[in-house]
Amino acid sequence: MLYLLISIIVFMDQIIKYYIINNFNYGQSLAIIKGVFHLTYVKNTGAAFGIFKNANNFFIIVSIIIILFLLFYRYYYFKSNIYINMSIGLIIGGAVGNLIDRILLNHVVDYLDFRIWPVFNLADSAIVVGAGFLIIYIIVTDYEL
Numbered sequence: 531m532l533y534l535l536i537s538i539i540v541f542m543d544q545i546i547k548y549y550i551i552n553n554f555n556y557g558q559s560l561a562i563i564k565g566v567f568h569l570t571y572v573k574n575t576g577a578a579f580g581i582f583k584n585a586n587n588f589f590i591i592v593s594i595i596i597i598l599f600l601l602f603y604r605y606y607y608f609k610s611n612i613y614i615n616m617s618i619g620l621i622i623g624g625a626v627g628n629l630i631d632r633i634l635l636n637h638v639v640d641y642l643d644f645r646i647w648p649v650f651n652l653a654d655s656a657i658v659v660g661a662g663f664l665i666i667y668i669i670v671t672d673y674e675l
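Per the working numbering, the very first residue in the sequence shown carries number 531; after that it's consecutive.
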């Protein structure tokens with residue numbers, strides 16, 4: 531299940547980014563719900579909220595380390611826990627999606643624009659949801675990692 535979830539997230543993320551790159555000019559925005567939700571083509575060379583701009587190589591290294599750590603940790607400690615596997619699958623899927631961008635494009639393609647929040651993408655969402663699930667699971671079950 532873990533590898534299927536990772537594959538689905540990476541595939542969907544890359545397909546949407548391919549569409550955005552090939553159908554939008556940089557900075558172009560399309561209102562889906564005017565003033566609320568737009569598709570906007572943005573390039574992010576930093577981390578969340580655009581912090582640490584132009585640190586692409588650093589984030590490539592950090593992403594690889596985190597992905598390897600999560601795979602190792604999951605393999606040796608949590609093979610059979612579906613909740614932790616789902617969380618790790620979402621986090622790794624999102625990390626791989628953005629890692630592909632960083633390696634191939636030297637930036638991350640962002641496109642989901644809710645106008646009250648910095649523009650982000652599906653990979654970012656998967657990372658946040660996966661981390662949220664993991665935190666909630668740990669709190670609710672008093673699970674010790």
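Just so you know, even glycine gets a beta-carbon here, dropped at the ideal spot from N, CA and C.
It should be emphasised that the depicted structure is a prediction, and the values quoted were computed from it without experimental measurement.
Our two residues, I646 and I597, have alpha carbons roughly 30 Å apart in a direct line. Beta-bridge partners assigned by DSSP to D672: none are found. Distances from the CA of V649 to each of S537, A585, N552, V566 were compared; the closest alpha carbon is that of V566. A residue is called buried once 16 or more other Cβ atoms fall within 10 Å of its Cβ, and A625 is buried on that count.
When only Cα atoms are considered, I668 and I591 end up about 27 Å apart. Looking at the DSSP output, T570 bridges to S559. For the pair of segments examined, the segment 614–621 was found not to touch the segment 632–645: the number of CB pairs separated by less than 8 Å stays below three.
Residue pairing by DSSP places F650 opposite L642 in a beta bridge. In summary, S537 is exposed, with fewer than 16 beta-carbon neighbours lying within 10 Å of its beta-carbon over all protein chains present. In this structure, L600 sits away from I633, with a CB-CB distance that is not shorter than 8 Å. Here DSSP, grouped into helix, strand and coil, assigns M542 to helix. In the same chain as V572, and ignoring 5 residues on each side of it, the C-beta atoms closer than 6 Å to its own belong to D640, V649, in chain order. Note that the C-beta distance between K583 and N651 is not below 8 Å. For M531, no alpha helix (DSSP H) encloses it, and the DSSP letter there is neither H nor E.
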